[in-house]
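**Student:**
Residue numbers (our numbering), protein chains in the order written: chain G, 122 to 374; chain E, -3 to 218.
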């Protein structure tokens, strides 16, 4: 390990632990800063929508949450698959750490959508394709978490839940494109990279800021949770013992 | 490979034939569960006809989820599952034979009973036909996905509930198109599109599920 950085340098739990220890406070700072800026633009700068009034402002949390919920499932499945295929312990831990955050964003997207739907559509919930598939996504997250938690053997838990995540990930594209299959109530995607955005640029700025805030938050939380998992699973290694012995507030070994 | 497949299939069918009551239970559950709905919803023929496709399909789904838990449990308990996985033939053969046997013992009776159950809901002959065809295409998918869930949850404490939580989200497309075919017929439309999508799901599951189940069996018995 004298030859500097390699691709897998941070696949070693001890180095990952040290690196994320440095990064996490900055990520938290970034998340709070971006969220504050995004919310300020969203609430005080962005104009009121002509048809939806002020109710539309919930998109500044709703859309980023919905994006994150879908993206995080794919990221989780990716790391779970890497951990399973290459027997990479850290990748499996990362996948386990991402799952609760993904489930949280799914709940947030559903709940904020319900709060928006009440004044706009006149109902908390409709059995629209997109809402339904978001709900199914939540069930997929819950199934993954439940399976991983139910198996006591760490290795089997990681592998079995990885398989489930991969099988579920095959469903995520179906979920995303379902809005085109069943033409229903939920408005289509307003943002695309190819067409000019159909919303005021301040609204877009606020939404993108909030999206980056959610990203930073997801990284920070996932890293924090991974660090806890590392300490738990590597508790018998020398470096964790050393860490525990020198850490302030512990009685030492 | 074919010899192992046939031997496993025939063994499971023979086991089911010698324990007829066990094999009948999912069917009984299906009929009883379906009969509960008119009691809960009310006896209006129009309403019943409207909810019939969904009710029959959901009950078939639940009956499959309950019966599929036993697919690998017995073999694991007496150790024969590990021996099967030690065989030189790939584990896919085991997964495929087990799922086919499960469908023949538990799925096919549901398909046959569906028209009779449909009569309780005053479905038209055309709708009954669509119900049978959609179940014929859909229940094998349920058996295959259920097999995957059973392999993943093999030997766990709360395997039953866990299996249902894991597998139900994956079966929702089947439910949508299966019940949708019957609804389409009731509305005077062609169910061909629904059949095609069900067929596509069946083919995709036939290819993918035994592979995934084989991997899951290896993980669970390691």
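Even for Gly, the Cβ is constructed at its ideal location relative to N, Cα and C.
1. For the segment 168 to 187 of chain E against the segment 128 to 139 of chain E, are there 3 or more C-beta pairs whose distance is under 8 Å?
2. Which residues in the same chain have their Cβ closer than 6 Å to the Cβ of residue 12/E, if we skip the five residues on either side of it in sequence?
3. Secondary structure at residue 170/G, three-state DSSP: helix, strand or coil?
4. Quick check: what's the CA-CA separation for residue 153/G versus residue 334/G?
5. At a Cβ cut of 8 Å, what residues of the segment 262 to 283 of chain G count as close to chain E, listed as they run along the chain?
6. Can you name the start and end residues of the alpha helix (DSSP H) that residue 150/E belongs to?
7. Check whether the Cβ atoms of residue 198/E and residue 105/E lie closer than 9 Å to each other.
8. Over the uninterrupted alpha helix (DSSP H) stretch that includes residue 238/G, give me the two end residues.
9. Please compile the residues from chain E whose C-beta is within a distance smaller than 7 Å of the C-beta of residue 285/G.
10. Assign residue 37/E to buried or exposed, taking buried as 16 or more other Cβ atoms, counted over all protein chains shown, within 10 Å of its Cβ.
11. Can you check which of these residues, 284/G, 270/G, 285/G, 282/G, is closest to residue 153/E by C-alpha distance?
12. Could you check how far apart the C-beta atoms of residue 235/G and residue 246/G are, in whole angstroms? I think they sit under 8 Å.
13. Quick one, which residues of the segment 20 to 51 of chain E are near chain G if we go by CB-CB under 9 Å, in chain order?
14. Taking 7 Å as the limit between beta carbons, can you name the residues of its chain near residue 201/E, skipping five residues before and five after?
15. Residue 129/G: buried (16+ other C-beta within 10 angstroms of its C-beta) or exposed?
16. Taking residue 256/G as the reference, give the member of 190/G, 173/G, 133/G with the closest Cα.
17. In chain E, which residues lie less than 8 Å from residue 260/G when you measure between Cβ atoms?
18. Could you spell out the range, first to last residue, of the alpha helix (DSSP H) harbouring residue 8/E?
19. Closer than 9 Å, CB to CB, is residue 243/E near chain G or not?
20. Is the number of C-beta pairs between the segment 52 to 63 of chain E and the segment 75 to 87 of chain E that are closer than 8 Å three or more?
21. At a CB-CB cut-off below 9 Å, which residues of chain G make contact with residue 199/E?
22. Taking C-alpha atoms, which residue in 231/G, 241/G, 265/G lies nearest to residue 250/G?
23. Less than 9 Å between the C-beta atoms of residue 134/G and residue 259/G, yes or no?
24. Would you say residue 186/E faces chain G, with C-beta separation under 9 Å as the test?
25. Going along the chain, which residues of its own chain have a beta-carbon closer than 8 Å to the beta-carbon of residue 213/E, five neighbours each way excluded?
26. Any beta carbon of chain E sitting closer than 9 Å to that of residue 108/G?
27. Going by DSSP in three states, residue 75/E sits in which element: helix, strand or coil?
28. Sorted by chain position, which residues of the same chain lie with C-beta nearer than 8 Å to residue 217/E's C-beta, five sequence neighbours on each side aside?
29. Taking the CB atoms as reference points, tell me whether residue 328/G and residue 180/G lie closer together than 9 Å.
30. Return helix, strand or coil for residue 278/G, following the three-state DSSP convention.
31. Only counting the same chain, and skipping five residues up and downstream in sequence, which positions put a Cβ closer than 7 Å to that of residue 196/G?
32. Between the segment 170 to 181 of chain G and chain E, which residues of the former have a C-beta closer than 7 Å to a C-beta of the latter?
33. Could you tell me whether the Cβ of residue 219/G comes closer than 9 Å to any Cβ of chain E?
34. Tell me whether the beta-carbon of residue 224/G lies closer than 9 Å to the beta-carbon of residue 266/G.
35. Could you name the residues of the same chain whose beta carbon sits closer than 6 Å to that of residue 22/E, not counting the 5 residues immediately before and after it, in chain order?
36. Would you be able to state if there are at least three C-beta pairs under 8 Å between the segment 42 to 49 of chain E and the segment 115 to 127 of chain E?
**Tutor:** Reading it off the structure:
1. By the Cβ test, the segment 168 to 187 of chain E is in contact with the segment 128 to 139 of chain E, since at least three Cβ pairs between them sit closer than 8 Å.
2. Within the same chain, residue 12/E has close Cβ partners 19, 101.
3. It is a strand residue.
4. Looking at the two C-alpha atoms, the distance is approximately 7 Å.
5. Listed by position, the residues of the segment 262 to 283 of chain G near chain E (Cβ gap below 8 Å) are 263, 264, 267, 268, 271, 272, 276, 277, 280, 281.
6. Per DSSP, residue 150/E belongs to no alpha helix (DSSP H) and is neither H nor E.
7. Against a cut-off of 9 Å, the Cβ pair of residue 105/E and residue 198/E comes out as no contact.
8. Counted as a single uninterrupted DSSP element, the alpha helix (DSSP H) harbouring residue 238/G occupies residues 210 to 242.
9. Within chain E, the residues near residue 285/G are 148, 162.
10. With fewer than 16 other Cβ atoms from the protein chains shown falling within 10 Å of its own Cβ, residue 37/E counts as exposed.
11. Comparing Cα positions, the closest option is 270/G.
12. Separation of the CB atoms of residue 235/G and residue 246/G is rounded to 6 Å, and the pair is thereby assigned contact status at 8 Å.
13. Against chain G - using a Cβ distance shorter than 9 Å - the segment 20 to 51 of chain E contributes no residues.
14. 137, 140, 141.
15. It counts as exposed.
16. Of the listed residues, the one whose Cα sits closest to residue 256/G is 190/G.
17. Chain-order list of chain E residues neighbouring residue 260/G: 161, 164, 165, by C-beta distance under 8 Å.
18. Taken as a continuous stretch (DSSP letters only), the alpha helix (DSSP H) holding residue 8/E covers -2 to 14.
19. Given a span of -3 to 218 for chain E in the structure shown, any question on residue 243/E remains unanswerable.
20. Short answer: they don't touch.
21. In chain order: nothing, as chain G lies at least about 14 Å away.
22. For residue 250/G, the nearest C-alpha among the options comes from 231/G.
23. No, the pair does not count as a contact, with Cβ atoms beyond the cut-off.
24. At a cut-off of 9 Å between beta carbons, residue 186/E makes no contact with chain G.
25. The residues are 68, 77, 81, 87, 90, 91, 147, 150.
26. This structure does not reach residue 108/G, given that chain G is present from 122 up to 374, and the question cannot be answered.
27. Coil at residue 75/E, not helix or strand.
28. Excluding residues up to 5 positions away in sequence, 72, 77, 78, 81, 150 lie with their Cβ nearer than 8 Å to the Cβ of residue 217/E in the same chain.
29. A Cβ-Cβ contact shorter than 9 Å links residue 328/G with residue 180/G.
30. Here residue 278/G carries a helix assignment [DSSP, helix/strand/coil].
31. 219.
32. Within the segment 170 to 181 of chain G, no residue has a Cβ that lies closer than 7 Å to any Cβ of chain E.
33. Not closer than 9 Å to any Cβ of chain E, the Cβ of residue 219/G fails to qualify, so no.
34. Contact: yes.
35. If you ignore the 5 residues before and after residue 22/E, its C-beta comes within less than 6 Å of the C-beta of 59, 63, 102, all in its own chain and listed in chain order.
36. The segment 115 to 127 of chain E vs the segment 42 to 49 of chain E: in contact.
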